[in-house]
Amino acid sequence: NGTSWTAVNTGLTNTKVNALYTNGPNLFAGTEGGGVFLSTNNGASWTVVNAGLTNTKVNALYTNGPNLFAGTEGGGVFLSTNNGTSWAAANTGLTNNYIRSLVACGTGILAGTGGRGAFLSTNNGTSWTAANIGLSNTSVISLFTSGTNLFAGAFGYGAVLSTDNGTNWTTINTGLTNFAVQCFAGSASNLFAGTMNSVFLTTNNGTNWIKRGMAEANILSLVGNGVNLFAGTKGSGIYHSTNNGISWTAANTGLTDSVVQCLTTSGSNLFAATGKGVFYSTNNGINWIHTKMTISNVTSLAASGTNLFAGTEGGGVLLTTNDGSSWAAVNEGLTNFYISSLAISGTNIFAGNVVGVYLSTNSGTSWTGVNSGFANANVMSLAANGTNLFAGTDGQGVWKRPLSEMVTSVELSSNNQPLQFGLEQNYPNPFNPNTTINYQLPLSGQVTIKVYDVLGNEVKTLVNEYKPAGQYSVNFDAGKLSSGVYIYRITAGGYTSAKKMTLIK
């Protein structure tokens, strides 16, 4: 009765055991990636019994007389009538192939899935019907916008697409062999999806998917940078492809953590969020350097101009303006410091956590909850498409809110361009020695931003170039200046404006 234990693993080549089930003298073990093992001597020895089992991540086992059922992670249900000697898929009617549990239900069998509730079979798995009256549970792991298309990775549903801002959704899984879609990257012409066992490519907005050349890996994050595509994995570090995923090369030199939660680019630098903080590479992943972050377990990254934000498990949001040489916590107004996701829209940053969504319009100096009408939900993913912010939740599907309801500092036109010139107050202010200045242009043209001391002497030119219409940020490094009040002034298209800022050393 548990007073003492003896290991019984002879022949068990995979020791991550998710499920155990007995049927007479037979003991079956379902493993994480090794399939099903059989012991006829109480575990003294094991034999693998996987013939026909095309998905070897087994979460659940159940026997019904001579019938043995295996519930897998992405492959649905398999049936064996000969104690595992051979298996056949038994998925007719299942609309979710992520099986978490199997249990007797009267004379039938009930399968619990990772996203579409429960399914019942009364004919030993020949067919299944949904048994979900009163159930409503959709966990949305990832969101991605491309033009007018909104893509979501719904746990167990696979990939789903909306072309009308989330009013209607269509499942787009043709060619996907794993429905746990955890991340997206790319564009409308080449969109990549990372799943629990590989990377897939679609060139037609998900009408069909093609499995790319990576060996089986649990893909947590994807990012593209020109011809380079990077994949962050759970347990295998980072892979790099230069040919749209046809072939991959490990890119882990200097990376001391193999679980990569998030990847992002900022200028020519590539950043990776891990359980040991943030790493950066200046040479497309050939080697990695740890940034000077003291907080570990980084879940998310977002770059805006020279600002890089990191969401953490318990430390809130951290900001660096110098590629990770130093970090500062920017958490004023946050009521929960477990940050699961970050998103950027213009100069505004959104953070999702276990209680909702927060907005900062000043690079994290302060945060405000923007949860009106939002049930208290665990936000797992965020994406903005210019007019709306979308939030993917753990169990409550996708929510949306117009950006215009939350962000009032910049008026945008229908094509997401500013309607008027503007120069915002720098932040932080006072500062030492770095601060950020935001400005917006309704028209393309020559832009100049200069900094003066209180006597009118020019001390720095921050911007002096032609700029397209849009929203911009510029960093001011006053490391070589003395404490005091300075004035920054913008000139653009006949518009001029000036504001004061204070340097305190």
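Counting in the working numbering, the sequence shown runs from 101 upward without gaps.
Don't be surprised by glycine CBs; every beta carbon is placed ideally from N, CA and C.
As the structure is a computational prediction, the values presented were derived from the model and not from experiment.
Would you give the residue range spanned by the beta strand (DSSP E) that residue i belongs to?
i    : result
E565 : 558–567
F128 : 126–131
A218 : 218–221
I590 : 584–592
M480 : 479–484
A402 : 398–404
A285 : 281–286
Y539 : 534–541
D553 : 545–553
L276 : That residue, L276, is in no beta strand (DSSP E); it is neither H nor E in DSSP.
G102 : Where G102 is concerned, there is no enclosing beta strand (DSSP E), given that its DSSP letter is neither H nor E.
N384 : From DSSP, N384 is part of no beta strand (DSSP E); its letter is neither H nor E.
I319 : 319–325
Where does the unbroken alpha helix (DSSP H) through residue i begin, and where does it stop?
i    : result
S262 : No alpha helix (DSSP H) contains S262, which is instead part of the beta strand (DSSP E) from 258–262.
L503 : 503–506
Mind checking residue i: buried by the 16 CB within 10 Å criterion, or exposed?
i    : result
V203 : exposed
A211 : buried
N273 : buried
I386 : exposed
K580 : exposed
D264 : exposed
S242 : buried
S139 : buried
Q525 : exposed
W388 : buried
S544 : exposed
G124 : exposed
S298 : buried
L519 : exposed
T131 : buried
Taking DSSP as the reference, what is the three-state secondary structure of residue i?
i    : result
W309 : coil
T365 : strand
F255 : coil
E524 : coil
M601 : strand
W499 : strand
V359 : strand
N197 : coil
G294 : strand
P518 : strand
N109 : coil
L434 : coil
N118 : strand
L459 : strand
D494 : strand
I389 : strand
L581 : coil
S445 : strand
What distance in whole Å lies between the Cβ atoms of residue j and residue i, which are believed to be in contact at a cut-off of 8 Å?
i    : j    : result
M314 : G335 : About 13 Å separates the two Cβ atoms, so there is no contact after all.
T172 : V158 : 6 Å
G411 : I395 : The pair is not a contact, with the Cβ atoms about 11 Å apart (cut-off 8 Å).
V149 : T185 : 6 Å
L409 : V398 : Rather than Leu, the amino acid found at residue 409 in this sequence is Phe. No, F409 and V398 are not in contact; Cβ-Cβ is about 10 Å, not under 8 Å.
Assuming contact is defined by CB atoms lying nearer than 9 Å, are residue i and residue j in contact in what I supplied?
i    : j    : result
T342 : A317 : no
K600 : S582 : no
L587 : Y552 : Correcting the residue type first, residue 587 is Ile in the shown sequence and not Leu. Cβ distance < 9 Å, so I587 and Y552 count as in contact.
G174 : T295 : yes
S400 : S441 : yes
L120 : L127 : yes
N669 : L179 : A query on residue 669 cannot be resolved here, the shown segment of the chain reaching from 101 to 605 and no further.
L370 : N407 : no
L541 : G593 : yes
V430 : S463 : yes
F474 : T535 : no
A280 : G253 : yes
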